[in-house]
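Below is one structure, written out as structure tokens; comments come after it.
In my numbering, the protein residues as written are 545 to 853.
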């Protein structure tokens, strides 16, 4: 995009975000593209919630379902987005601007110097643009409506969880919520986990020695797969909420980087190698050490997450 276009979009973004934020029109359960929020905040909150459940003698378990919208940014239906902007009080010239911004976009394919005919684009927000992420948040903002259990979003990553005291009630609530999400996706032309090989995953966080029988959960007509661990926002979450697998993975990554640097030592000067070590490996090793120490001290913060990137 031309630089003036980006500046103009930034001005619109700042004012639109301010309006939505001041009027509490954006859900507090959304961490994606929100200034002052992050993946770290969401993971710390989730881990804290699970630990509180573990410490509650009447609970001790949290049932969690992880969902993902397929090609989320490309599936934003333009007419639906304009409708939702109107619902949020956007009107007049600003609404006309967004209509002009979204409509009459075209695309074509080039193969070996040959071009296809142009096709109209009726969905999707421009990726790489300044306004795209905020428009996406507006579009999925009402996804949590009528949800009974807890829900957290980070852009298109959706997570449902229920602090469990009665397995039947929890299963009923989660199945209700999964049905609500499925209907929402159909209404607004989105898709959650359409690939049969990448279906929704469930992790039962539990510290019970003998867990009761939990009724199955169903999403998209398919039984939700039960797993002992799941990688969410870069952090491997295990059913016992230990971070051994995550730390081992990071240690393996650090060792691989150090091995590569060792092989490069005959070609590169020491100063360059030192900088590469500090940038690529040292931060991972320090965080692993801190995380292991915290685990031994029973500090329930997922410091391992800090080295996920």
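Every residue gets a Cβ at the ideal spot worked out from N, C-alpha and C, and that includes glycine.
None of these values were measured; they are calculated from a predicted model.
A Cβ-Cβ distance of about 14 angstroms is found for the pair residue 609 and residue 594, leaving them out of contact under the 8 angstroms criterion. Within the stretch 710-783, complete alpha helix (DSSP H) segments of at least 4 residues are found at 711-731, given in chain order.
Contact check for residue 736 against residue 635 fails: the beta carbons are separated by 8 angstroms or more. The beta carbons of residue 732 and residue 624 sit about 5 angstroms from each other, so the pair counts as a contact at 8 angstroms. For residue 607, the beta-bridge partners assigned by DSSP are 706, 748.
Counting C-beta pairs with one atom in each stretch, the stretch 771-784 and the stretch 794-807 have fewer than three that are closer than 8 angstroms, which means they do not touch.
When C-alpha distances from residue 602 are compared across 592, 708, 815, the shortest belongs to 708. The stretch 749-761 makes contact with the stretch 714-724: 3 or more CB pairs, one atom from each, lie closer than 8 angstroms. DSSP places residue 690 outside both helix and strand once states are collapsed to three, so it counts as coil. Here residue 698 is bridged, per DSSP, to 701.
The closest CA to that of residue 553, considering only 646, 565, 584, 753, is found on 646. Rounded to the nearest angstrom, the Cβ distance from residue 696 to residue 706 is 12 angstroms, too far for a contact under 8 angstroms. In this structure, residue 766 keeps its C-beta atom at 8 angstroms or more from the C-beta atom of residue 794. By the Cβ neighbour-count rule, residue 780 is buried, with 16 or more other Cβ atoms within 10 Å of its own. By the Cβ neighbour-count rule, residue 663 is exposed, with fewer than 16 other Cβ atoms within 10 Å of its own. According to the DSSP assignment, residue 797 belongs to the alpha helix (DSSP H) that extends over 788-808. Under the rule that a run must span 4 or more residues, the alpha helix (DSSP H) segments found entirely inside the stretch 575-638 read 583-599, 622-631. Closest by C-alpha distance to residue 570, out of 648, 699, 591, is 699.
Here the alpha carbons of residue 704 and residue 611 stand approximately 8 angstroms from one another.
For residue 811, no alpha helix (DSSP H) run applies, since DSSP gives it neither H nor E. Here residue 671 carries a coil assignment [DSSP, helix/strand/coil]. Remark: fewer than three beta-carbon pairs, one from each stretch, lie closer than 8 angstroms, so the stretch 638-652 and the stretch 685-693 are not flagged as touching.
Contact between the stretch 548-567 and the stretch 739-753 is absent: fewer than three C-beta pairs spanning the two stretches fall below 8 angstroms. Spanning the alpha carbons of residue 743 and residue 813 requires a straight line of approximately 48 angstroms.
Residue state for residue 683 is assigned as helix, using DSSP reduced to three classes. Taking C-beta atoms as the reference points, residue 675 and residue 556 count as a pair closer than 8 angstroms.
Burial is judged here by how many other beta carbons sit within 10 angstroms of a residue's own beta carbon; residue 652 has fewer than 16 and is exposed. Bridge partners of residue 664 according to DSSP: 650. Taking the Cα of residue 678 as reference, the smallest distance to any Cα among 579, 598, 764, 585 is reached at 579.
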